[in-house]
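In this text, residue positions in the sequence shown follow the UniProt record's numbering: the first is 1, and each later residue adds one.
Below you'll find the structure, written out as structure tokens, and then a few comments.
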Amino acid sequence: MTQPDLTAHIDRGLRDLADLVAIPSVSAQGRHLPDAAQAVQTLLEAEGFTVRQYPGQVAPILLAEAGEGPFTLLIYNHYDVQPEDPAELWDTPPFTLTERDGRLYGRGASDDKGELVSRLAGLRALKEQRGGRLPLKVKWLIEGEEEVGSPSLEAFIAEHAAELKADGVWWEFGSITPEGRPVLYAGLKGIICVELRCRVAASDLHSSNGAVVDNPLWRLAAAVASLRGPDGTVLIPGFHDDVRPPSQADLNAIAALPGTGEALRGTYDVTRTLGDGSEYHTRLNLKPVVNVNGFHGGYEGQGSKTVLPASGMVKLDFRLVPDQHPDRIVELLRAHLDTQGFSDIEIIELESHQHPARSDLNHPFVKTAVQVARDVHGHDPILNPSSGGSGPMHPFMQHVGAPVIALGIGNVGGRVHAPNENILRRDFENGVRYAAALLAALAEG
1 MTQPDLTAHI DRGLRDLADL VAIPSVSAQG RHLPDAAQAV QTLLEAEGFT
51 VRQYPGQVAP ILLAEAGEGP FTLLIYNHYD VQPEDPAELW DTPPFTLTER
101 DGRLYGRGAS DDKGELVSRL AGLRALKEQR GGRLPLKVKW LIEGEEEVGS
151 PSLEAFIAEH AAELKADGVW WEFGSITPEG RPVLYAGLKG IICVELRCRV
201 AASDLHSSNG AVVDNPLWRL AAAVASLRGP DGTVLIPGFH DDVRPPSQAD
251 LNAIAALPGT GEALRGTYDV TRTLGDGSEY HTRLNLKPVV NVNGFHGGYE
301 GQGSKTVLPA SGMVKLDFRL VPDQHPDRIV ELLRAHLDTQ GFSDIEIIEL
351 ESHQHPARSD LNHPFVKTAV QVARDVHGHD PILNPSSGGS GPMHPFMQHV
401 GAPVIALGIG NVGGRVHAPN ENILRRDFEN GVRYAAALLA ALAEG
């Protein structure tokens, strides 16, 4: 496929990205969020968008609209970023976009300012190709709270559902493989984060009392062990009852996914994965899971201290699939612990729950997104029915009433949330091309 020359728009997009990266809009610390919101609003208004700002719990929410045509696309992005800590591990200043060896480094270069700016540059290019006219309606929802769990987003979407109605939703992330294959996701898992807490005394005891006092860490270890089988299957009664069976399109997509756990094992020196081949991808895409995030209690310093801790705590997360309901899962967890003799273990729910979401792979919008990715990148896309991760996708599908597809410019070495976050320059360039081509294809129906 012959690609139009978008060099000028790519260069301008990179300047825009440098300007946004320079704003340390760290939502976890409340830093410069209004500044970033205003900078994004200025960029959108320069392209003819009508932009409204709404207050969020942490940061302003932007809702923008431009263009006219037979298709309405809603784009979702965020302008907040993770803290730069530990700053000393960055090779270059975290809030200065720096190009080195084909990569662009800076906090937010990938997540999510690079995604936002590449899409805007592609839209700008399409407008130029069409004589200054945007041949479809584009709505853009941009928040500044994603990195702290999007606490305002679901209520905002429900309240503004009529204004957000669209024919398709373009999600805020995605990636490109080292071989240049675009990776698309049509869903996200839901998530619940909880703490299990156990206390047996007012203060730590001498460890000799372990002969007569039930150690809270033993109780927590036994409780956690009761949640999962050796193969990773969640053992809570009723946990799987509401799981939606995968469609034939989902199963076909799983069967077509390349590779196994080898890439994961090679990148992170993982010694063992649960499943291989198609089972590996089935687990990542379609199966719910419980994870232990951390185990705390007693003496954790250097050397030995013979104590029986007064209390302990374990952090868990549950990754859910359609149609599991987070509140129901917490109820089932409580019932299971009680039945197993752990009624003394307290459940503390952390952050807000997120529901699972998955789009129909046969929907015309999804098929168009896949075909345009094939045309622009020159490689067969890798289409996942769901990401193994989680995010606030469900409110879009519930209230906007449209399928959601994720495709972006991340890369396997992008170090998102870590020092030296980066994107490949070639991926940014192709991201601009993809945005222009996708918008054009949707406008043509």
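Quick reminder that beta carbons are idealized off the backbone N, C-alpha and C, glycines included.
Asked	Found
With a floor of 3 residues, list each beta strand (DSSP E) that falls wholly inside the region 356 to 407, ordered by position along the chain.	382 to 384, 387 to 390
Using three-state DSSP, classify A46 as helix, strand or coil.	helix
Between the C-alpha atoms of P34 and L44, what's the straight-line distance to the nearest angstrom?	15 Å
Work out the CA separation of S175 and N252 for me, nearest whole Å.	21 Å
In whole angstroms, what separates the C-alpha of H377 from that of A22?	30 Å
I'd like to confirm the pairing. Which residues does DSSP put opposite P182 in its beta bridges?	I176
Run the CB neighbour count on P55, radius 10 Å, all protein chains shown included, and call it buried at 16 or more, exposed below.	exposed
Verify whether the separation of the beta carbon atoms of R433 and L104 is less than 7 Å.	no
Going by C-alpha to C-alpha distance, which of V169, P135, S118, G149 sits closest to H363?	V169
List the DSSP bridge partners of F318.	I192, V290
Quick one: Cα of D214 to Cα of C198, how far?	11 Å
Rounding to the nearest angstrom, what Cα-Cα distance links V330 and L337 in this structure?	11 Å
Rounded to a whole number of angstroms, what is the C-alpha to C-alpha distance between A225 and L274?	17 Å
Determine whether the beta carbon atoms of Q79 and S25 lie at a separation below 7 Å.	The amino acid occupying residue 79 in the given sequence is Tyr; Gln does not appear at that position. Closer than 7 Å, so yes.
Mind checking who K137 pairs with in its DSSP beta bridge?	T72
For P230, tell me which candidate among V289, L220, A255, H206 has the shortest Cα-Cα distance.	V289
Determine the DSSP secondary structure at E421, reduced to helix, strand or coil.	coil
Is V213 helix, strand or coil by DSSP?	coil
Could you name the residues that DSSP lists as bridge partners for L350?	C193
If you reduce the DSSP assignment to three classes, tell me which class I157 lands in.	helix
Mark A437 as exposed unless 16 or more other C-beta atoms lie within 10 angstroms of its C-beta, in which case mark it buried.	buried
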